[in-house]
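So for the sequence shown, this note's numbering puts the first residue at 972; every next one is plus one. Quick reminder that beta carbons are idealized off the backbone N, C-alpha and C, glycines included. A short worksheet on the structure shown next.
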Amino acid sequence: MAPLACAAANLVAVIVLALVLAPATPLVADIAERERYIREHLLAWRLGWATWMVAAATLVWCYAWWRRRVGGPHFAITVALVGIASDWSAEIALIVSGADGYAAVAPLAFLMTGAIANGAYTVAGVLLTLATPLTPGWRAYAALMWSAGVSLSFGALFGIHLITALATAELFALFIPWCFWLWRRLR
């Protein structure tokens, strides 16, 4: 159940990112335009980030489920919990600040969610992948998926927003099917 919930929640979150949140992310260079968008779509903005909080919770649940199935390291869950703490802190700041506080919180919030949280989730995923018996084809798939996670974190860390956006698209295009595969393979 955990991988299916994770796939569904992350699919919803990435669609919300593309359709609701993107106009107020650093992909839009003009901060005044981002603030205007948030002001005009405040409820959607707040609910959009709430979907990401749910997605993060289901990810940690999925990782715990996966770890139990393959006997992976407990440290992977610790790393994922560091990720969700960073993620939720950033997302709560973005939700609460609204348009008026956006300029003050956005740089740190997007660093925390994109670089720190995603980086932690990626490290945890790699640790669990290494503990999972995989064919060479599936190991290559996982390597491609986690390399997108590394690229996303790199882009967020260094403020290269196009890399962050492209890596996000690649990561979720690979991760959502991976969740279904985990569920089928390890249930």
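Among Glu1141, Ala1028, Ile1147, Ala1102, the one whose alpha carbon lies nearest that of glutamate 1062: Taking the sequence shown and counting its residues from 1, the one referred to as residue 1062 is at position 91. Nearest C-alpha to glutamate 1062: Ala1028.
Simplified DSSP state of alanine 1028, which is helix, strand or coil: Translated into positions along the sequence shown, residue 1028 becomes position 57. Taken through DSSP and simplified to helix, strand or coil, alanine 1028 comes out as helix.
Contact under 8 Å by Cβ, alanine 973 with proline 1044: Counting from one through the sequence shown, the residue named residue 973 turns up at place 2. Counting from one through the sequence shown, the residue named residue 1044 turns up at place 73. Going by C-beta atoms, alanine 973 is not nearer than 8 Å to proline 1044.
Arginine 1155 burial status per 10 Å Cβ neighbour count (16 or more: buried): On the sequence shown, position 184 is the one that residue 1155 refers to. So arginine 1155 counts as exposed.
Environment of leucine 1018 [buried if 16+ CB atoms lie within 10 Å]: Stepping through the sequence shown from its first residue, residue 1018 is reached at position 47. Exposed, by the Cβ-count rule.
C-beta atoms of tryptophan 1016 and leucine 992 nearer than 8 Å: By 1-based counting over the sequence shown, the position of residue 1016 is 45. By 1-based counting over the sequence shown, the position of residue 992 is 21. Yes, they are a contact pair.
Span of the alpha helix (DSSP H) around leucine 1101: Taking the sequence shown and counting its residues from 1, the one referred to as residue 1101 is at position 130. 1089-1101 is the span of the alpha helix (DSSP H), which, as asked, contains leucine 1101.
Own chain, CB closer than 6 Å to isoleucine 1087, minus 5 neighbours either side, in chain order: Residue numbering aside, residue 1087 sits at position 116 when the sequence shown is read from its first letter. These residues qualify, in order along the chain: Ser1057.
Within 8 Å, strictly: CB atoms of leucine 1115 and leucine 1082: Walking along the sequence shown from the start, residue 1115 turns up at place 144. Walking along the sequence shown from the start, residue 1082 turns up at place 111. For leucine 1115 and leucine 1082, no; Cβs fall outside 8 Å.
Min CB distance tryptophan 1036 to chain B below 8 Å: Here chain B cannot be found, since the structure has a single protein chain.
Nearest-angstrom Cα separation, counted from alanine 1021 out to tryptophan 1117: Taking the sequence shown and counting its residues from 1, the one referred to as residue 1117 is at position 146. Taking the sequence shown and counting its residues from 1, the one referred to as residue 1021 is at position 50. Looking at the two C-alpha atoms, the distance is approximately 24 Å.
Alanine 1000 classed as buried or exposed, judged by whether at least 16 other C-beta atoms fall within 10 angstroms: Here residue 1000 is taken as the residue at index 29 of the sequence shown, counted from 1. Label assigned to alanine 1000: exposed.
Nearest-angstrom Cα separation, counted from tryptophan 1109 out to alanine 1075: As a working note, residue 1075 is residue 104 in the sequence shown. As a working note, residue 1109 is residue 138 in the sequence shown. Approximately 43 Å, taken between the alpha carbons.
Which of helix, strand or coil DSSP assigns to aspartate 1001: Within the sequence shown, residue 1001 is the residue found at index 30, counting from 1. Three-state result, aspartate 1001: coil.
Helix, strand or coil at phenylalanine 1129 according to DSSP, with G and I counted as helix: Within the sequence shown, residue 1129 is the residue found at index 158, counting from 1. Three-state result, phenylalanine 1129: coil.
Boundaries of the alpha helix (DSSP H) in which leucine 975 is found, first to last residue: By one-based count along the sequence shown, residue 975 stands at place 4. Counting along the chain, the alpha helix (DSSP H) containing leucine 975 begins and ends at 973-987.
Host alpha helix (DSSP H) of threonine 1084 (start-end): Counted from its first residue, the sequence shown places residue 1084 at position 113. No alpha helix (DSSP H) contains threonine 1084, which DSSP labels as neither H nor E.
Candidates Ala995, Trp1152, Ala984, of which the one nearest threonine 1191 by Cα: Outside the modelled stretch of the chain, which goes from 972 to 1158, sits residue 1191, for which no answer is possible.
Straight-line gap, alanine 1080 to tryptophan 1059 (C-alpha atoms, nearest Å): For the purposes of this step, residue 1080 is taken as residue 109 along the sequence shown, with counting starting at 1. For the purposes of this step, residue 1059 is taken as residue 88 along the sequence shown, with counting starting at 1. Going by the C-alpha atoms only, they are around 10 Å apart.
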